[in-house]
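A.B. asks:
In full-length UniProt numbering, the protein residues as written are 1 to 128.
1. Starting from the Cα of residue 52, find the closest Cα among 30, 128, 119 and 2 and give me that residue.
2. Can you give me the C-alpha to C-alpha distance between residue 115 and residue 127, rounded to a whole angstrom?
3. Cα separation between residue 29 and residue 15?
4. Go ahead and pull the three-state DSSP assignment for residue 134.
5. Using the rule of at least 16 other Cβ atoms within 10 Å of the residue's Cβ for burial, across every protein chain shown, is residue 31 buried or exposed?
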C-alpha cells in the first residue's frame, strides 16, 4: 500500500519524526510513507484524486477552514474514495456543523462510532 501523510508545512518536521520513530525494526513492508505539505483549499490540486481511502483525525476545529477542508476532500475523493473522520465534537468550535451541514452537502455521511466519555465521533463519508 502507498501511504501519504499530510499536514501544514510548519508541522512537517514533527510528522516526519513520527514516521521515523515508528519505522518497523525489519524495515517497511512496502514503500515507506510519504510526508507532504497540504494547505486546504490552496495546494490540494497538486494531489491526485485516485485515493482509495482518506483518513482524517482531529482536523475539524476551525470553522473558517470548513469550506477549504470540504473543497480539499471533494478533490481527493473524485474517484470515489471513502473518507473516515475522527473528531472531538467541540461545540465551541462548531464541529457538529461541519458534519451536519458542510460535509453532507457533498458526501453521504454516516456516524459509525460515538464515544460519549471522550466526546469523539467517527464518521464514514462517500462522495455524492
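All C-beta atoms, glycine included, are put in the ideal place defined by N, C-alpha and C.
C.D. replies: This is what the structure holds:
1. Counting from one through the chain shown, the residue named residue 52 turns up at place 52. Ranking 30, 128, 119 and 2 by Cα distance to residue 52 puts 2 first.
2. Position 115 of the chain shown, counting from 1, holds the residue named residue 115. Position 127 of the chain shown, counting from 1, holds the residue named residue 127. Between residue 115 and residue 127, the C-alpha separation is close to 25 angstroms.
3. Here residue 29 is taken as the residue at index 29 of the chain shown, counted from 1. Here residue 15 is taken as the residue at index 15 of the chain shown, counted from 1. In a straight line, the C-alpha of residue 29 is about 20 angstroms away from that of residue 15.
4. Nothing about residue 134 can be read from this structure; the chain reaches only from 1 to 128.
5. One-based indexing of the chain shown puts residue 31 at position 31. Answer is exposed; the Cβ neighbour count stays below 16.
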